[in-house]
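Okay, so here's the structure we're looking at.
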Amino acid sequence: MIPIFVGYDKRESVAYHTFCQSVLSRASQPVQFTPLALNTLQYTETHTDGSNDFIYSRFLVPHLMNFNGWAIFADGDMVCQADIAELWAMRDPYKAVQVVKHDYKTRFPKKYLGAKNEDYPRKNWSSVILWNCSHYANKVLTPDFVASKSGSYLHRFEWVPDDRIGELPDEWNWLVSEYPHNPVAKLYHFTVGTPCFKEYSTCDHAIMWHREHEAVNHAAQLFIPTEKPLIGAR
Numbered sequence: 000m001i002p003i004f005v006g007y008d009k010r011e012s013v014a015y016h017t018f019c020q021s022v023l024s025r026a027s028q029p030v031q032f033t034p035l036a037l038n039t040l041q042y043t044e045t046h047t048d049g050s051n052d053f054i055y056s057r058f059l060v061p062h063l064m065n066f067n068g069w070a071i072f073a074d075g076d077m078v079c080q081a082d083i084a085e086l087w088a089m090r091d092p093y094k095a096v097q098v099v100k101h102d103y104k105t106r107f108p109k110k111y112l113g114a115k116n117e118d119y120p121r122k123n124w125s126s127v128i129l130w131n132c133s134h135y136a137n138k139v140l141t142p143d144f145v146a147s148k149s150g151s152y153l154h155r156f157e158w159v160p161d162d163r164i165g166e167l168p169d170e171w172n173w174l175v176s177e178y179p180h181n182p183v184a185k186l187y188h189f190t191v192g193t194p195c196f197k198e199y200s201t202c203d204h205a206i207m208w209h210r211e212h213e214a215v216n217h218a219a220q221l222f223i224p225t226e227k228p229l230i231g232a233r
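The numbering of the sequence shown is numbering that gives the first Met the number 0, which starts it at 0 and goes up by one.
Laid out in structure tokens, this is it:
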């Protein structure tokens with residue numbers, strides 16, 4: 000079983016379901032999804048910054064796993080185009096976390112719903128995390144600890160020694176619109192704006208998101224004739 004914790008924001012709940020669909024349709028191992036919806040967590044958000052509801056709850060994953068085993072965290076504004084078991088197979092027991100180590104400056108000063116899109120060190124490292132929940136470094140991540148620490152401290156993984164922050168291939172967190180067009184990336188991250196928002200509905204790679212969203216809403220139908228055909232009718 001692969002535990003996957005997914006960022007959930009009620010303002011774009013469709014993004015959560017679309018991401019889960021994209022994972023399910025390609026997974027070769029059983030997966031278990033947990034939405035990080037604030038109303039379901041025994042955690043009181045004290046931070047007043049941030050552009051979404053799950054900006055800090057992602058750091059509760061080891062706590063939610065009772066500091067045992069491994070788990071994946073992913074922002075909800077993504078679509079997966081590969082078998083999530085490939086990412087799962089990259090677990091390195093020496094590392095406390097494994098992330099794509101982005102090094103870029105944003106091209107967009109504002110993102111979805113008018114939120115500021117500021118540059119900062121290790122930006123977007125925390126948007127996909129392969130968590131070693133039982134690692135000694137992560138034992139500090141209690142709800143009180145997360146609530147008490149600044150955004151910069153948490154998103155830069157400052158409680159983890161640098162040599163225990165592992166690196167994932169960038170194809171597992173490809174930043175759409177920030178990075179060049181890439182038809183072979185494995186996990187597309189619509190970090191500037193998910194195509195569910197009108198102003199981003201035709202952004203780069205949006206067609207992939209729309210295909211997964213269409214699959215969420217699909218249901219096979221049984222054809223039932225409404226009238227008997229007339230005998231001898233042509």
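Built from N, CA and C at the ideal position, the CB exists for glycine as well.
- CA-to-CA, the gap between proline 194 and glutamine 31 works out to about 25 angstroms.
- Straight through space, the alpha carbons of tyrosine 178 and proline 168 are spaced by roughly 14 angstroms.
- Only residues of its own chain outside the window of five on either side were considered, and among them Arg121, Lys122, Asn123, Trp124, Asp169, Asn172, Leu174 have a CB closer than 8 angstroms to the CB of histidine 101, listed in chain order.
- Within the same chain, Tyr111 come within 7 angstroms of phenylalanine 196 by CB-CB distance, once the 5 residues on both sides are set aside.
- Between alanine 84 and alanine 26 a beta carbon distance of about 6 angstroms is seen, short of the 8 angstroms cut, so the two are scored as contacting.
- For glycine 150, the enclosing alpha helix (DSSP H) begins and ends at 150 to 154.
- According to the DSSP assignment, cysteine 19 belongs to the alpha helix (DSSP H) that extends over 12 to 23.
- In this structure, the straight-line span from the alpha carbon of serine 126 to that of histidine 188 is close to 9 angstroms.
- DSSP, read as helix, strand or coil, puts proline 179 in coil.
- For methionine 64, no alpha helix (DSSP H) encloses it, and the DSSP letter there is neither H nor E.
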